[in-house]
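Notes for the one structure printed next.
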Amino acid sequence: MDLLWEMFQHGKISKASSTADKASIEVGKAQTRTYSLEAKLDHLGLINRAMWSLLKERTELTEKDLIDRVAELDMVDGKKDNKIHDIRECYGCGKGIGPKEENCIYCGLSNPITSAFNKL
Ligand SMILES: [Zn+2]
Numbered sequence: 142m143d144l145l146w147e148m149f150q151h152g153k154i155s156k157a158s159s160t161a162d163k164a165s166i167e168v169g170k171a172q173t174r175t176y177s178l179e180a181k182l183d184h185l186g187l188i189n190r191a192m193w194s195l196l197k198e199r200t201e202l203t204e205k206d207l208i209d210r211v212a213e214l215d216m217v218d219g220k221k222d223n224k225i226h227d228i229r230e231c232y233g234c235g236k237g238i239g240p241k242e243e244n245c246i247y248c249g250l251s252n253p254i255t256s257a258f259n260k261l
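So for the sequence shown, our numbering puts the first residue at 142; every next one is plus one.
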């Protein structure tokens, strides 16, 4: 009876160890993806700063203009949350569709993407 119990316990321990190994691999993959996204975000921030510095140098735009426009775009969806939510209206049924959706999820009509930012 003890032998059966030990075999049963050994099987459970082995299965738990395998599950932990798989979880550890998944954590490693998630960390790699996170580092990659952080690097891309840093690069996009750098590009944005470069674009803004060029605009300031070559136009009459000011920091206040930028801050006001950010606040204005933030409030497009009615919520001040430092996020932009580009909900478009379907040409066919008028219901809201996501910025990346080419076909309406309600009526199926094709709604061509007309802004480069909708692909983000
Ligand atoms: Zn529709």
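Backbone N, C-alpha and C fix where the C-beta goes; we use that ideal spot for every residue, glycine too.
Select from the options the residue whose C-alpha is nearest the C-alpha of residue i.
i    : options                : result
D222 : C231, E230, A212       : A212
D227 : L182, A257, A180, A164 : A257
Residue i: buried (16+ other C-beta within 10 angstroms of its C-beta) or exposed?
i    : result
C234 : exposed
I154 : exposed
N238 : The identity of residue 238 in the sequence shown is Ile, whereas the question assumes Asn. Looking at its Cβ environment, which holds 16 or more other Cβ atoms inside 10 Å, I238 is buried.
Taking only heavy atoms of ligand 1 into account, decide whether any of them is closer than 7 Å to the Cβ of residue i.
i    : result
G237 : no
Y176 : no
Y195 : The amino acid occupying residue 195 in the given sequence is Leu; Tyr does not appear at that position. Incorrect: L195 has no Cβ contact closer than 7 Å to ligand 1.
G233 : yes
Would you identify the three-state DSSP class for residue i, choosing helix, strand or coil?
i    : result
E201 : coil
I254 : coil
What are the partner residues of residue i, as DSSP defines its beta bridges?
i    : result
E167 : The partner list for E167 (beta bridge, DSSP) is empty, contrary to what the question assumes.
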